[in-house]
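The structure under discussion appears below in the form of structure tokens.
Residue numbers (the numbering used here): 92 to 246.
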């Protein structure tokens, strides 16, 4: 009987960094692109094929899964989670990437603490309130909040 756990190290692997990027360890960043002047806080995971635009801030404990792109000058607050698997078969896709869906976040978007972002498109100049769950595309700039997130007002 083997009671020894498999230990995996926190890592930064095969990341394309722009200039003047700040990363606060520990983080898991792999096979992704991070633009100029970005800040990546501690306990963040950014998975492969994610693209983060310039001058964006990703705060602690955020999880950005595969198939997410984030524009320029965005603020992703503490504990924000992105989801790419909608359980379309009634269960997790378990690595069947053909079932995963992409998420596109425009520029000048601010996403509040502990928000959950399903596979959607979010246009430029949007604020999403803390704890919100974004289940549908956001095609007009404004302030959105709730579960599911709804437009509260224009900007």
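Glycine included, each C-beta is placed from N, C-alpha and C at the ideal position.
- In this model, residue 223 and residue 240 are separated by some 6 Å (Cα to Cα).
- Looking at 99, 202, 137, 220, the one whose alpha-carbon comes closest to that of residue 107 is 137.
- Taking a contact as a CB-CB distance under 8 Å, the pair residue 175 and residue 210 counts as one, their CB atoms being some 6 Å apart.
- Of the other Cβ atoms in all chains shown, fewer than 16 fall within 10 Å of the Cβ of residue 111; this residue is therefore exposed.
- Between the alpha carbons of residue 231 and residue 216 lies a gap of roughly 8 Å.
- Less than 8 Å divides the Cβ of residue 200 from the Cβ of residue 162.
- In the three-state scheme derived from DSSP, where H, G and I count as helix and E and B as strand, residue 243 is classed as strand.
- Under the three-state reduction of DSSP, residue 158 is assigned to coil, being neither helix nor strand.
- For residue 190, same chain residues with a beta-carbon under 6 Å away, outside a window of 5 residues either side, are 179, 184 in chain order.
- Counting only the Cα atoms, residue 119 lies some 10 Å from residue 139.
- DSSP places residue 190 in the helix class (H, G or I) of the three-state scheme.
- The DSSP assignment places 135-137, 159-161 as complete runs of the beta strand (DSSP E) inside the stretch 122-189, in order along the chain (cut-off: 3 residues).
- Secondary structure of residue 236 (DSSP, three-state): strand.
- According to the DSSP assignment, residue 217 belongs to the beta strand (DSSP E) that extends over 217-219.
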